[in-house]
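J.:
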Amino acid sequence: MTVFTSPREVIMLRSVDQAAAADLAEKLNVSTAVARILVGRGLTTYEACKDFFTPDASGLRDPFLFKDMRAAVDRVLAAIDKGDRIAVYGDYDVDGVTGTALLVRFLQRLGATCDYYLPNRLTEGYGLSAEGIDTLAGRGVKLIVTVDCGIGSREHVARAARAGIDVVLTDHHEPHGELPNAAAILDPKVEGCGYPGTELAGVGVALKLCHGLAKARGMDDASWLEYLDLVSLGTAADIVPLTGENRIIASLGFERLGHTTNPGLRALMELQGIDATTLSTGQVVFQLAPCINAAGRLGDPGRGVQLLLTEDPAEAKLYARELREANIERRALDSSVQEQVVAWVEAHCDPSRDFAIVAAHHEWHAGVIGIAASRVVESFCRPTFLFSIGEDGLAKGSGRSAGMVHLLECVHECTDLLENYGGHAAAAGATIKKENIDAFRARFNEAVRARTTLDDLVPRVVADAEVELGALSRKFFNIVKRMAPFGPGNMRPVLLCRGLRNRYEPRVVGRGHLKMSVTSNGLIMDAIGFNFGERLEEVRRAPSYSLAFSLDENEWNGKVSLQMKVKGVEV
C-alpha cells in the first residue's frame, strides 16, 4: 500500500482578461499587477473599484427585498406591543452567538421582554431541539426568533406551534426537504425568498431583521449600524465570502470594533493583546472567534452570549478569562484528535484508493472534531468526516471539504445511513449509528470519487499576478493593504516571482520555518515560509526557483521592511 503523505502544493497563475487588466491599469493609474489582482476579483470598471476601495453602508440592500420580511417585522412588533415574551434561539458557534447578542440587544432596545436560548452542542446538537422548545414553553415564551438555525427543523417548529409558540426563522443554511411552517422565513438560500444575495452569514440575516424593524419603527440607520462590531465578528468567523454586503459589514464593522463600547468585546481584545485600531480578519478568526467558540464546543455556549451582553466591565473581564481558559482546553483536545487521525490515516489509508477520509473514535470530544477535520484536510487535501461515538451508540460527525468537492452533495447520497445531517458545500454535520460508519465511509468515498480526480486533490496555490522584485514597492504594498479586509472571495493577494536565487544560505528557524534572502536582477528581499522547513535542502541546492507569496511587513529591532510570506515553492 502506498503511504499517505502530505501532497506537494501546485502553483498556478490565475487567468484573467489581459486587455481588461491593461485598460483598468490605465484608468486607475496603477501597475498592471494591481490591475490583474482587481480584474481577477471581478472588478473591471472604475465604479466597481471605487465601491470596492470605499465600502459604504449605502451599499447594504433593502431588508424588505426578503418577501417574508414584512411578515417577520409585523409578528415581532405585535409581540412587543402586546408584551409577549420573545426568545432568541441561536446556534452555538460564533455566528449564532453574535447574532443572538445582536437580536437580544436590539429587541430590548425596542422594548421587548426578551430571553435567549442556545442548545448544548453535546446533548442537543445543531438546530432547534425538543428540549429547547419545551424549556422556552415553560418560560412562557410566545414567539421564538431563530439565528443561524431552524431551516431544517420542521418537526420542532411544529412542536413549538403545539405549545402555542410562533417561530420567525432567520438562517443562512441550505434547506433540504419541506420547509418549516413558520410565521416567516428569512433565509437567502431559500428558493423564491426574493433576496438577491445568498452569502450573508446568520448574523447578517439577523441584522437584516433589525434593519427592517428599525425602518418600521421610523428609526434612523445609526440605530442598527451601531451593532456592526458584533455582526462583523460573526461574519468573519463564519468564513463566508467577504464580498458585496459582507465586505461592507466587515470593513465598517472592524472600524467600529476599533472603538467599540461593548464591554465584552473590549475585555476580550485586551486579554488577547489585540490593538483594536489595526484589527484584521486574521485576528478576528484566530484570536477572538476561537475563544467565543470554545465554550460552545465544550458544552455551554452561554458564556459567549453573556460576554457580549454584559454592561459590567469587571464581569466582562471575568467572562473573557473563562473563555480564554476554555479555548486553551479546546486546543489541547483538538491537537490530540488531530494527531490520532493523522496516525490512523498513515496506517490505514491508501492515497490511490481513498478519495475521502472518514474516521471515528469513542474518546474524541464531539466539540472539537470539526476543527480537527479542518486540520486533517490541510494535511492530506481530502474531504474529511470525523465522528465522536457516544455511549448511546450514536456518533456525531463533522465534515470539511477539499478541492472543489461539494460536501453536502456527497452527504445527500448517504441519507439512508444517517439519522440527521445538514451543511453546505464546504462543511457539514451528521449523526449516524456507529454500526453504519463503515458503510458511510465506503459510500461517501465513492460519492467524492465520482466528483473529482486525484489530480484535483492537491493543494493549489493560485497566484493573482506575476511580478519582478522591483515591483514590490511600498506604494504597491499600500494599495494591497487597502484591499482588506481579506477572507474568502477576497483573499490576500498572492504573487509569483520566478528565477529567484539565494542571496544568503537559507536556514530553518523556530519550529520548522524556512528563512530565506532572495535576489533577482540585483535586488534583494527577505522571505519566510512558515512550516516550509522540510524544503530547506531543495531550496538550498536549486540554482533558481519560483516563489508564490503574499507581501507583508516585518518589524525587527525597530526597523520595518517588506517581506515575502511564502505560500508555495517550485524548483
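If you read the sequence shown in this note's numbering, its first letter stands for residue 1, the second for the next number, and so on. Glycine included, C-beta positions come from ideal geometry on N, C-alpha and C.
Taking only the alpha-carbon atoms, compute the straight-line gap between Ala402 and Val203 and give it to the nearest angstrom.
T.: Rounded to the nearest angstrom, the two C-alpha atoms are 26 Å apart.
J.: Report the residue from Leu169, Cys497, Val377 whose alpha carbon sits nearest the alpha carbon of Ala427.
T.: Comparing Cα-Cα distances from Ala427 to each of Leu169, Cys497, Val377, the minimum goes to Val377.
J.: Check Phe387 in the structure and name its three-state DSSP category.
T.: It is a strand residue.
J.: Near Thr198, what residues of its chain come up, given a Cβ to Cβ distance below 6 Å and the 5 sequence neighbours on each side ignored?
T.: Pro188, Lys189.
J.: Pull up the distance between the alpha-carbon of Glu413 and that of Asp438, whole angstroms please.
T.: Rounded to the nearest angstrom, the two C-alpha atoms are 15 Å apart.
J.: State the Cα-Cα distance for the pair Ala463 and Thr135, rounded to the nearest angstrom.
T.: The straight-line gap from Cα to Cα measures roughly 52 Å.
J.: Examine the Cβ distances between the region 137-153 and the region 73-91 and report whether three or more of them are shorter than 8 Å.
T.: Cβ pair count under 8 Å is three or more, so yes.
J.: Any idea what DSSP makes of Gly512, helix, strand or coil?
T.: Residue state, collapsed to three classes: coil.
J.: Mapping DSSP to helix, strand and coil, what is Cys193?
T.: Correct three-state label for Cys193: coil.
J.: Please classify Val16: does DSSP put it in a helix, a strand, or coil?
T.: In this structure, Val16 counts as coil in the three-state DSSP scheme.
J.: Taking only three categories from DSSP, how would you classify His173?
T.: The answer is coil: DSSP assigns His173 none of H, G, I, E or B.
J.: Can Val508 and Glu538 be called in contact, C-beta distance under 8 Å?
T.: Not in contact: Val508 and Glu538 (Cβ atoms no closer than 8 Å).
J.: Among Asn521, Leu495, Lys50, which one has its Cα closest to the Cα of Met12?
T.: Comparing Cα positions, the closest option is Leu495.
J.: CB-CB under 6 Å to Pro119, same chain, minus the five flanking residues each way: which ones, in chain order?
T.: Only Ser129, Gly132 meet the Cβ criterion.
J.: Near Asn181, which residues of its chain fall below 8 Å by C-beta distance, leaving aside the five closest residues on each side in sequence?
T.: The answer, listed in chain order, is Arg154, Val157, Ala158, Ala161.
J.: Look up Met564 in the DSSP assignment and give the residues it is bridged to.
T.: Met564 is bridged to Ala527, Leu551.
J.: Count the other C-beta atoms from every protein chain shown that fall within 10 angstroms of the C-beta of Met564, then say buried if there are 16 or more, exposed otherwise.
T.: Under this definition Met564 is a buried residue.
J.: Report yes if the CB atom of Val94 is closer than 8 Å to the CB atom of Leu308, and no otherwise.
T.: No; because the gap between Cβ atoms is not below 8 Å, this pair is not in contact.
J.: May I ask you to verify whether the region 54-63 touches the region 507-522, counting CB pairs closer than 8 Å and requiring at least 3?
T.: The answer is no - the region 507-522 does not touch the region 54-63, with fewer than three Cβ pairs under 8 Å.
J.: Quick check on Val560: buried or exposed, where buried means 16 or more other Cβ atoms within 10 Å of its Cβ?
T.: It counts as exposed.
J.: Using a 10 Å radius around the Cβ and a threshold of 16 neighbouring Cβ atoms, would you call Arg247 buried or exposed?
T.: Buried.
J.: Could you work out which residue in Asp392, Cys291, Gly423 is closest to Ser398 when comparing CA atoms only?
T.: Selected option, being the one with the closest Cα: Gly423.
J.: Can you round the beta-carbon distance between Cys497 and Leu547 to whole angstroms, since I take them to be within the 8 Å contact cut?
T.: 5 Å between Cβ atoms; contact.
J.: Quick check on the DSSP output: what are the complete alpha helix (DSSP H) runs of length 4 or more inside the region 227-272, in order along the chain?
T.: Counting only runs of 4 or more, we get 228-237, 244-257, 263-271.
J.: May I ask which residues mark the beginning and end of the alpha helix (DSSP H) holding Val205?
T.: From DSSP, the alpha helix (DSSP H) with Val205 extends over 202-216.
J.: Touch check for the region 233-248 and the region 210-217: three-plus C-beta pairs under 8 Å?
T.: Segments in contact, no.
J.: List the residues that DSSP assigns as beta-bridge partners of Ile86.
T.: BP columns for Ile86 point to Cys114, Leu143.
J.: Would you kindly work out how many angstroms separate the C-alpha atoms of Ser473 and Leu536, rounded to a whole number?
T.: Roughly 27 Å between the two C-alpha positions.
J.: Start and end of the beta strand (DSSP E) containing Ile432?
T.: First-last of the beta strand (DSSP E) with Ile432: 427-433.
J.: From Leu225 to Pro175, what distance separates their C-alpha atoms?
T.: Distance between the alpha carbons of Leu225 and Pro175 is about 29 Å.
J.: Counting along the chain, where does the beta strand (DSSP E) carrying Val341 start and finish?
T.: Premise fails: Val341 lies in the alpha helix (DSSP H), 313-348, not in any beta strand (DSSP E).
J.: For Ile133, which three-state DSSP category applies?
T.: Correct three-state label for Ile133: helix.
J.: Indicate whether Lys208 and Leu186 have their beta-carbon atoms separated by less than 8 Å.
T.: In this structure, Leu186 lies closer than 8 Å to Lys208 by Cβ.
J.: Report yes if the C-beta distance between Ala484 and Ala33 is below 8 Å; otherwise report no.
T.: No, the pair does not count as a contact, with Cβ atoms beyond the cut-off.
J.: Compute the Euclidean distance between the alpha carbons of Arg8 and Arg330, then round it to the nearest angstrom.
T.: Using only the alpha carbons, I get a separation of about 29 Å.
J.: Use the C-beta contact count for Asp171: other C-beta atoms within 10 angstroms, 16 or more gives buried, fewer gives exposed.
T.: With 16 or more other Cβ atoms within 10 Å, it is buried.
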